[in-house]
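Presented below is the structure to which this report refers.
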Amino acid sequence: MGGLFPFEFGDLGVLGLVYLTLLGAGFSLAVTADGWRARFAWQAAAVTFALAVLRWGAGDGDRGAWDGFVGPGIVSPILVWLAVRAGDVRDRIPALARNVVLLVLIGMTRDVYLIMVLLALVAFVETDGRWHALLARRIGPGLRGAHVFALVFLLYCTFVQPHGIGFVGGLFHLFAAGFLYALLAQGEQMAAYVVRRLRSAPIVMAIILVLSFVMMRTAPGGPYTSEKSGDPEMEALREERMGLNDPWYEQFANYMVRVAWSGDLGVSFKQKGRPVNEIIADHIVPSAQLALVSITLAVLIGMVAGIISGIRQNSIFDYASMSVAMIGLALPTFVVGPFLVLLFAMKYQFFRVSGWDDIPSRDMVLPAITLALPFAARIARLTRAGMLEIVNQDYVRTARAKGLSETTIVVRHTLKGAVLPVVSYIGPAIAQLLTGSLVVEKIFGIPGLGTEFVQGALNRDYDVAMGLVLLFGTLLIVANLIVDVVYGFLDPRIRHA
Amino acid sequence: MTTRLSLLVLLVAFAAWIPVLADEPSGDGASDASPDAWKREYEPMDDSWKTVKQELIFNTGSEPETLDPARMTGVPEHRIQLALTEGLVTADPETLEARPGVAERWEVSDDGKVYTFHLRKDAKWSNGDPLRAEDFSWSWYRVVTHSDADYAFLIYDTIEGGPAFRKHHIETSKSTGKSASYEDWKKMVKAEAIDPHTFRVTLINPTAYFLDLTMMGALQPVHRKTVEADPDRWTQSETWVGNGPFTLQEWSPRDKIVMVPNKHYWDADFVKLKKITALPLEDQDVAYKKFINGEVHWITAVATAKLDDARKRPEYYVMPYLGSYFYRFNVTREHLNKKKVRKALSLAVNRKSITNDVTKAGHIPATYFCPPIEQAHYTPPKGYAYDPDKARKLFAEAGYPGGKGFPKLTIFYNSNDDHKKVAEAIAQMWRETLGIQVALQNSEWKVYLDEVDNMNYQVARAGWIGDFADPMTFLDMWLTNGGNNNTGWSNKRYDELIYKARAELDMKKRAQLLLEAEKIVVEDEFPILPLYIYVNQGMKVDGLQGWYENVRDRHPFQYLYFEPEE
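So the protein lines, in turn, are chains A and B. So that you can map any letter, position 476 of the first sequence is 482 in the numbering used here, and since no number is skipped, the others follow by simple counting. So that you can map any letter, position 469 of the second sequence is 808 in the numbering used here, and since no number is skipped, the others follow by simple counting.
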C-alpha cells in the first residue's frame, strides 16, 4: 500500500506506545471533564474509533485484521463512556459528525505519526486551544524539556525516519513539526489565533479540490484524446478500465476515498504507468532545492540592499539599487534566463547551457540567480519601505537622542520593523517558487514540478494535475499559516486582532 | 524492402509449404551473395575510431511517455526503442530495407500472406535468458489485450484470426472484467511459435508493409517474466530487460536516459558506442544552444528562430519526412458541401509563398496529401497548382461571384504561432482572391481535437505523420466513417479502391490503385486542402558516423560511432 507516509498501521511499535500515552493524557482530561474537556474526549474517541476501523480494514499487512482492531477497538468505547460521563451527548454530535468526515479523509493515510499530530490538532481546535494552555499550566517549567523532546522527535521523523518516502513525506513532517513547535512555544492567545486561521484551511482546500476536479473533467478532451483516434470499441474498453466513464461526482468520490485511504494519488496517463506519488517525490527535489537557494539568495540580496537604501535614503546607492530593483521586477525570467545563458554559458563558458546534475553543482547558479532576481527586487523595496517607516518613529528618534550608535539603532530597533513586511511576503514567495518556476525549468532543463503541473493540465492527465493541485494547495495554505504564526511571534498586535 | 519482397515471391514459391518439415529451408530471407554483404558498408574503414570516446549525447525532444514498446506512440519513444529492443527484422540505416534482426532469415509465401521467420539461436535477453519464438507470440498477445496500447490494431487488423480474437477479447472483458487468455490467443490467432526458433505469421491480406510493421514498437518482443512481475513499472532501469543492442542504465524522468551496450546482444561485437545519453529537452532553443556549445552531439529539431543561423553551419541537415500538413473542410456544412467551393478555396492558396515566406522552415509545398514513398513505388498525383483566376471562376460558378453571398468562413487551429501564421496567410489569400470574409479561431490542443472530432468547425488545420512507410497509413484515413476522417466526406469509388489495394499483391498495381484513390481526394472532391510535406531538420556533429538521412528519421544506434576529428 505504501503511500506518501512512512508508517503503516501494521507496525505500531514504539509509536504505538507514544500514541497510547497521548490517549492516556486524553483520559486524564476526560475524567475531570466539563465543556471543552468533554469535547476533547469526544474527539479522542472518534479518532481511536476511526483508527480501530481502519486497522481492521488494513488487515492486509503483517498483522491480521483482528490484531489491528483490538487495541483501539477496546480503547474507543472506554473513551466514549468517559466522554458521555463528562458532558451532554447531544451537544457533541455536530462536532463529532464534522470531525468523523475530517478523520476519514486524513486518518486513512495510515500514518500513525500523522494521526497523532492530527489528533493533537483536532483536539486543539475543538477546545479552542485551552487544552494546551491547561497542559502548559499544569506541567509548568517542565514544558521546556517537552518542547525540546518534541522538536528532536519531529526532526528525527522528518529526516531519519522517512525510509523510502523521500522529500514529500519529509516536508509534510517538517511543516507539522514547525507548526507544532510554534504552537507549543506560545501561550493561549497565540493558540486561539492559530485556531482561527486553521479553521478556514480545510474549507479552502475542499473548494480548491472540487473546483479543479470539476474543471478538469468538464474541459473538452480527455487523457486519451489524440490526433489519431483508434478503434472505438477498444477505446471504450480502456476508458471503462480506467474508470473514466463514470459520472464526475462518482469519480471524485472514488478519487478522494483512494487518496484518503492510501495516500495514493493515482497514476499518470501520459507518463504511462508512472505513479503520481513518484512524480511528486522525484520532481519536488529539484524544485525545492532551487526554491530554497533562490529565496535565500533573494533574501540576502534584497534585505542588504533594502536596509542600506533605507538608512542612506536618497543617496547614490539608494537610487542605484532601487533602479536595479525596478529593472529586476520588470524583466521577465524568460528574458533574464536566456541572457545569462548567452553571456555566461555561451560567450564565457563558465556554466553549461542547461542541465541538473549532482546538485549542488554549478548547474544551479544561473537558474537560481534568474529565479531570485525578481524576488530580491521585491524584498529590497519592501525592506526599504519598512526601514523608512520605522526610522521616523519616535522611539528611534529617542534612541538617537540617547546617543546610541547607528549600528545599535539599526540592529536593535529598526530591523524588526523592517523585517515584518518581508516575512509576510516570503510565505507566498516560497509557494510561488515551488509552483511557478515553469519558465526557468524550461530554460535550464530542470526536472521540476512546474513542468509536470502544466503538462498535467494540458494533457488532461487528471491524476497528475489533481495531485499537484493538492500538493500546491497544501503548500500555499501551510506557507501562509507559518507566515502568520511567525508574524504572530514578531508582532503582538496581530495576535490580539 | 519491396524489391526484396517481389524477389522473394519468385524465390520461395514453394517454400511456404515445407518450412515445418525442412530442417534448413533453402529459401533464405537474406539470400544475397553473402548474407552480411550489406553490413560491410557500415563498418568503419579502420580502427581509428577506437581512439575516440564513444559516448553519444543527443536530444530526443520530449520526455518519453514510456519505454514499454507495447505502449509507445510518439517519435521520441520510438527513437530510444531502437537502442533498447529489437524486432524480428530491423531497418537498414540508410535504405530502410528489412535487415535481419532477431530473425536471421525469413520466407514469404507466394500469396504474400505467410511469413516464416527463422530466429537466430544465439538471440538472448539482456539478462542472458534465451529469446524464443514464443516470446513474440506472447508479446503480441500482450499488446492486443493491454488496455493502453494504441497500436494494438496493427496486430489484430493484420494477422489472421486477429479480428475474431479482438471481438472475443472485448466480449470477455465486458462479461468478466478480465482479458481473453493467452491460450485462446494461441488457438485463434495465426502468429505461431512452430518451434523455439521458428515463428510463423499468417496475414489476412498480403500486407506489403508487414516487415515494416515488425520494426515498430508495438511488435517488439518483451521479456515475459519481467513484465509479469511488474506490468506497469518494469521499464525502470532497476528491472529493465530488453533484447536491443543497448540496455537501460538510468532513467531519470525529464532529466536524462542513459543506455549502455547490452553484452548479451547477438551482434554485440558490432556495437561501437559505449554509452548513449538521451535528453528530453522540449525547448528547441535551449537544445540548439547546447549543440552550439558542444554539450550534445545531435539534436533532432531546430527552433524556427534559429533556422537562418543553423543553415549556415555544416552540421545542419534537412530531409523530407513522412508527414503532411493540411486543412480539413467540413463537407457537411452548407456552402462547403459544394465541390466547386472547395476546389476554388484550394486553388486560391499559394503554397510556395507559404513555405517560402511564412513557415520558412524548408517544408515542401504540396498539392497532394501522401508524400512520395519509394519503398511502395508510390508517387502522389500532381493536384492543382495555384491558379487565382480559375479559383475566382469556380467560385463564381458555384454561385458566389466575387464572394457575394458567401458567409464568413472560420479557420480553426490549435494555438501555436506557426499555425497562426499559416492561417493568417491563407485567410489573406482567400480574402484577396475570392473576396470572402475569413476569421481565425484557435483553441488549446485537446479542445481543438475534441471540436474537430465532433466536426464542430468549418475549416480546420491538421497534420498527419505516417505510422509506417506505406501510402495506406495516409490514405485509409478518408474511408467512409474512418476514425480519423472527421470531414464528413464519403465516396464509394474511393472506398472500393482502397479495399482493392489492400488485397492487391502486385506492388505496382497496388500503387496504381492508391494513386487513383488519392486523385479523387486532391484532384476532384477536395475534402481536404493539402499544404506541405513536413521535413526533418536537425544538427549532428561531423564526427558522428553511421548516421544516414532517411524519411523515417530512423537511426539505429548499433551503426553509430565517432570518428576522430580531422
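Note that CB positions come from ideal geometry on N, CA and C, so glycine has one too.
Query                                                                                                                                                                                             : Result
Please work out which residues of its chain come closer than 8 Å, Cβ to Cβ, to Phe549 (chain B), disregarding the five sequence neighbours upstream and downstream, and give them in chain order. : Tyr454, Thr497, Val540 and Leu542
Counting only runs that start and end within the segment 766-851 of chain B, where is the alpha helix (DSSP H) found for 4 or more residues in a row?                                             : 784-792, 811-814 and 831-842
Identify each residue in the segment 608-637 of chain B for which the Cβ-Cβ distance to at least one residue of chain A is less than 8 Å, and report them in chain order.                         : Leu618, Leu620, Glu621, Asp622, Asp624, Val625, Lys628, Lys629, Ile631, Asn632 and Glu634
I'd like to know whether the C-beta of Gly249 (chain A) is nearer than 8 Å to at least one C-beta of chain B.                                                                                     : no
Apart from the five residues on each side of it in sequence, which residues of its chain come closer than 6 Å, Cβ to Cβ, to Arg471 (chain B)?                                                     : Pro535
Helix, strand or coil: which one does DSSP assign to Gly885 (chain B)?                                                                                                                            : coil
Using the beta-carbon count (16 or more within 10 Å), is Trp254 (chain A) buried or exposed?                                                                                                      : exposed
State the DSSP-derived secondary structure class of Val657 (chain B), mapped to helix, strand or coil.                                                                                            : strand
Taking the DSSP output, what are the residues bridged to Met878 (chain B)?                                                                                                                        : B:Ile638 and B:Tyr655
Between which residues of its own chain and Val657 (chain B) is the CB-CB distance below 6 Å, once the five residues before and five after are set aside?                                         : Gly701, Val874 and Gln876
What does Trp784 (chain B) reach in chain A if we use C-beta pairs closer than 7 Å?                                                                                                               : Leu464
CA-CA distance, Leu612 (chain B) and Pro600 (chain B)?                                                                                                                                            : 7 Å
With three or more C-beta pairs closer than 8 Å as the rule, is the segment 511-520 of chain B touching the segment 545-561 of chain B?                                                           : no
Three Cβ pairs or more, each shorter than 8 Å: is that satisfied between the segment 637-644 of chain B and the segment 398-415 of chain B?                                                       : yes
Determine the direct distance from the alpha carbon of Ser443 (chain A) to that of Ile112 (chain A), and round the result to whole angstroms.                                                     : Its pLDDT being 44, under 50, Ile112 (chain A) is placed unreliably in this model, and the value from its coordinates should be taken loosely. When rounded, the distance between both Cα atoms is 29 Å.
Between the beta-carbon of Ala715 (chain B) and the beta-carbon of Lys747 (chain B), is there less than 8 Å?                                                                                      : no
Below 8 Å on the Cβ atoms is my guess for Ser360 (chain A) versus Gly451 (chain A); work out the distance and round it to an integer in Å.                                                        : 3 Å
Give me the Cα-Cα distance between Asp68 (chain A) and Asp468 (chain B), rounded to the nearest whole angstrom.                                                                                   : Bear in mind that the predicted position of Asp68 (chain A) carries a pLDDT of just 42, short of 50, making it unreliable; the figure below should be weighed with that in mind. Distance between the alpha carbons of Asp68 (chain A) and Asp468 (chain B): 34 Å.
The alpha helix (DSSP H) spanning Val347 (chain A) covers which residue range?                                                                                                                    : Thr339 to Val347
Compute the beta-carbon to beta-carbon distance between Glu857 (chain B) and Arg849 (chain B), rounded to the nearest angstrom, for a pair I have assumed lies under 8 Å.                         : Incorrect: roughly 13 Å between the Cβ atoms, too far for contact.
Compare the C-beta of Trp254 (chain A) with all C-beta atoms of chain B and state if any pair is closer than 8 Å.                                                                                 : no
Kindly indicate which three-state DSSP category Tyr739 (chain B) falls into: helix, strand or coil?                                                                                               : coil
Find the nearest neighbour of Val425 (chain A) within the set A:Phe357, A:Leu306 and A:Phe356, judged by alpha-carbon distance.                                                                   : A:Leu306
Against Arg572 (chain B), what residues of chain A qualify as contacts under a CB-to-CB distance less than 7 Å, listed in chain order?                                                            : Gly279
Which residues, in chain order, does the segment 355-383 of chain A contribute to contact with chain B at a C-beta distance below 8 Å?                                                            : Gln355, Arg358, Val359, Ser360, Gly361 and Trp362
Return the CA-CA distance between Gly805 (chain B) and Thr826 (chain B), expressed in angstroms with no decimal places.                                                                           : 19 Å
Contact between the segment 426-440 of chain A and the segment 482-489 of chain A: three or more CB pairs below 8 Å?                                                                              : yes
Tell me the residue span of the alpha helix (DSSP H) that contains Lys448 (chain A).                                                                                                              : Leu444 to Phe450
Would you say Thr302 (chain A) faces chain B, with C-beta separation under 8 Å as the test?                                                                                                       : no
Taking contact to mean 3 or more Cβ pairs, one atom from each stretch, closer than 8 Å, check whether the segment 261-278 of chain A and the segment 384-391 of chain A are in contact.           : no
For Ala152 (chain A), does the three-state DSSP call read helix, strand or coil?                                                                                                                  : Residue placement at Ala152 (chain A) is poorly supported in this model, since its pLDDT is 44, which falls under 50; the coordinates are not used for a value here.
Alpha carbons only, please: which of A:Val291, A:Phe459, A:Asp469 and A:Glu412 is nearest the one belonging to Gly316 (chain A)?                                                                  : A:Glu412
Report buried or exposed for His894 (chain B), applying the criterion of at least 16 other Cβ atoms within 10 angstroms of its Cβ.                                                                : buried
With a cut-off of 8 Å, does the C-beta of Leu243 (chain A) fall near any C-beta of chain B?                                                                                                       : yes
Does DSSP classify Asn398 (chain B) as helix, strand or coil?                                                                                                                                     : strand
Find the residues of chain A that neighbour Ile509 (chain B), judging by a C-beta separation of less than 9 Å, and give them in chain order.                                                      : Glu239, Met240, Ala242 and Leu243
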